[in-house]
Every structure is written in C-alpha cells, then in structure tokens.
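**Q** Encoded as structure tokens, here's the structure I'll be asking about.
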Amino acid sequence: MLINALFTDPISYLMMAVSLLFALTVHEYAHAQVADWQGDHTARAMGRLTLNPLAHLDAVGALFIFTMGFGWGKPVPFSPYGLRNKKWGPSLVAIAGPLSNFIMAVVVGMILRFGHLGGERLLAFFAMFVWLNVLLGVFNLIPVPPLDGSHLALALWPWKWEKRRVLFMQGGLMAVFAAIIFMMFIGGPYIAQPLFSLITGLPMGF
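The opening position of the sequence shown corresponds to residue 80 in our numbering, with each subsequent residue numbered one higher.
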C-alpha cells in the first residue's frame with residue numbers, strides 16, 4: 080500500500096501522490112472542457128471547469144489515492160441532450176479524460192527520453208508520472224460502466240439490443256472490480272507496460 084511508503088520513503092510517497100492527484104485533476108478537467116465545448120455548460124455551472132484539485136476530488140477516491148496509490152475523482156456532470164453532437168458527443172466527452180492522460184504521458188515521456196535531466200529523484204518522478212498516466216488512460220478505456228470506455232461502447236451499441244444496453248449500464252462495482260483484475264493480469268503487464276516502454280525508451284517497469 081502507498082501509505083507504507085509515507086514512513087519508509089516519504090519522498091517517493093509524495094511524488095506518487097502528487098503525480099496521481101495531478102493526473103486525475105487534468106483527467107476530470109478534460110471531461111468538463113470538452114462538454115463545455117460541445118455546448119453543455121453543466122460542469123461550468125457546478126464549478127468543475129477548473130484545474131483546482133479540490134473541485135474534482137471524491138472523498139473516498141482521495142482516501143484511496145493517499146493510502147492505496149490509486150483512486151478516482153468525482154464524475155463530471157453533463158447532459159447528453161445539451162451536447163451539439165447527440166450521437167458522438169457523450170463519447171467525445173468520455174474519451175477526453177483518457178486522452179488527456181496519454182497526452183501528458185507522451186509530453187513528459189519525451190522530456191524523459193530526450194531531455195538531459197539530472198538527479199535520480201527527478202528521473203524517478205518523471206517516470207512515475209508517465210507510468211501513472213498510462214495506467215489511468217488504459218484503465219479508463221476498459222468498456223465497462225462507469226468507466227469512460229463504456230460510453231464509447233454505447234455509441235457503437237446496436238439499437239436492437241436496447242434491453243441489453245440497460246443491463247450493460249448497470250454493471251456497477253462488480254464491473255469495476257473485474258476491470259481492476261483485468262488491469263492486474265492483462266492491462267498492466269501487456270498493454271500499459273509496453274506503452275510506457277514505447278514512450279520513454281525505458282525498460283518495462285522502472
């Protein structure tokens with residue numbers, strides 16, 4: 080658990096907590112920004128169109144961030160009926176979050192790969208930041224509700240399966256638990272780690 084690092088390696092604890100907090104904040108802000116661009120101003124009205132982490136933190140999710148090293152923010156509210164593009168608008172809002180994580184991973188990864196950074200701590204911080212953003216991006220693209228990938232799946236869902244669509248959206252905690260298991264055994268080692276290596280040029284893991 081991350082909380083153990085607070086007592087054994089407080090600097091590493093701080094690096095991971097700050098990286099994850101920033102990654103989640105930008106992730107949720109990206110959702111809000113794209114919804115606003117698409118014409119729905121619900122997030123703006125509720126104070127979510129900001130990079131202030133406090134606006135996006137979920138109480139339980141924040142507890143997990145600072146103790147377990149993984150967590151979540153408050154879902155960004157938006158009305159699909161307020162979006163200009165009714166079919167693909169929700170998908171654009173959904174994909175904005177993971178896309179922001181991949182963009183941050185690539186930008187910082189290029190600095191890590193081609194920059195001349197001094198000091199092991201700085202290198203470790205950049206590598207950790209890239210790794211956490213890749214993990215968040217991959218995890219949120221898993222097509223199970225309430226993860227962002229589920230909205231992409233729904234955009235492609237055949238209307239003749241409408242009843243199954245309703246059942247699909249009721250995935251809940253069991254679906255998220257299944258997604259976490261998927262990340263542990265498949266998504267992490269076979270998707271996130273190769274992406275990390277591709278971006279940074281570092282061996283898988285760091």
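Note that beta-carbon positions come from the ideal geometry of N, C-alpha and C, so glycine has one too.
No experiment lies behind these values; they were computed from the predicted model shown.
Counting only runs that start and end within the stretch 180-232, where is the alpha helix (DSSP H) found for 4 or more residues in a row?
**A** Taking only runs of at least 4 residues, the alpha helix (DSSP H) segments lying wholly in the stretch 180-232 are 199-219.
**Q** Per the contact definition of three or more C-beta pairs closer than 8 Å, is the stretch 164-171 in contact with the stretch 110-127?
**A** The stretch 110-127, when compared against the stretch 164-171, does touch it at the 8 Å Cβ threshold.
**Q** Ignore the nearest five residues each way along the sequence and tell me which others in Pro132's own chain have a CB closer than 7 Å to its CB.
**A** Against the sequence shown, residue 132 aligns to sequence position 53. Hits under 7 Å: Leu100 and Thr104.
**Q** Run the CB neighbour count on Ala109, radius 10 Å, all protein chains shown included, and call it buried at 16 or more, exposed below.
**A** Working through the sequence shown from its first residue, we reach residue 109 at position 30. Burial call: buried.
**Q** Buried or exposed for Gly126, please, with buried defined as at least 16 other CB atoms from any protein chain shown within 10 angstroms of its CB.
**A** Residue 126 sits at position 47 when you count from the first residue of the sequence shown. Its Cβ having fewer than 16 others within 10 Å, Gly126 is exposed.
**Q** Looking at C-alpha atoms only, which residue of Asn219, Phe256 and Leu128 is the closest neighbour of Ile174?
**A** For the purposes of this step, residue 174 is identified with residue 95 of the sequence shown, where counting begins at 1. Out of Asn219, Phe256 and Leu128, Asn219 has the C-alpha closest to the C-alpha of Ile174.
**Q** With which residues is Leu136 paired in a DSSP beta bridge?
**A** Position 57 of the sequence shown, counted from the start, is the residue given in the question as residue 136. According to DSSP, Leu136 bridges with Gly152.
**Q** In whole angstroms, what is the alpha-carbon distance linking Ala234 and Val113?
**A** To locate residue 234, count along the sequence shown from 1; it is residue 155. To locate residue 113, count along the sequence shown from 1; it is residue 34. Near 17 Å, if we compare the C-alpha coordinates of Val113 and Ala234.
**Q** With a threshold of 6 Å on Cβ separation, who are the neighbours of Gly280 within its own chain once the five nearest residues in sequence on each side are excluded?
**A** On the sequence shown, residue 280 is found 201 positions in, with the first residue counted as 1. Contacts found: Arg192.
**Q** Would you kindly work out how many angstroms separate the C-alpha atoms of Gly161 and Ala122, rounded to a whole number?
**A** Against the sequence shown, residue 161 aligns to sequence position 82. Against the sequence shown, residue 122 aligns to sequence position 43. Distance between the alpha carbons of Gly161 and Ala122: 12 Å.
**Q** Return helix, strand or coil for Phe261, following the three-state DSSP convention.
**A** Within the sequence shown, the letter at position 182 stands for residue 261. Helix, per DSSP.
**Q** Find the nearest neighbour of Met147 within the set Arg163, Gly228, Gly216 and Tyr92, judged by alpha-carbon distance.
**A** Looking up residue 147 in the sequence shown gives position 68. The residue with the shortest Cα to Cα distance from Met147 is Tyr92.
**Q** Pick helix, strand or coil for Phe101, following the three-state DSSP scheme.
**A** The count along the sequence shown starts at 1 and reaches residue 101 at position 22. Correct three-state label for Phe101: helix.
**Q** Is it the case that the CB of Met253 approaches a heavy atom of the ligand ZN more closely than 7 Å?
**A** Here there are no bound small molecules, and the ligand ZN is not part of this structure.
**Q** Using C-beta distances below 6 Å, list every residue in its chain close to Glu199, excluding the 5 sequence neighbours before and after it, in chain order.
**A** The residue given as residue 199 occupies position 120 in the sequence shown. Nothing listed; no residue qualifies.
**Q** Could you tell me whether the stretch 179-190 touches the stretch 259-268, where touching means 3 or more Cβ pairs closer than 8 Å?
**A** Short answer: they don't touch.
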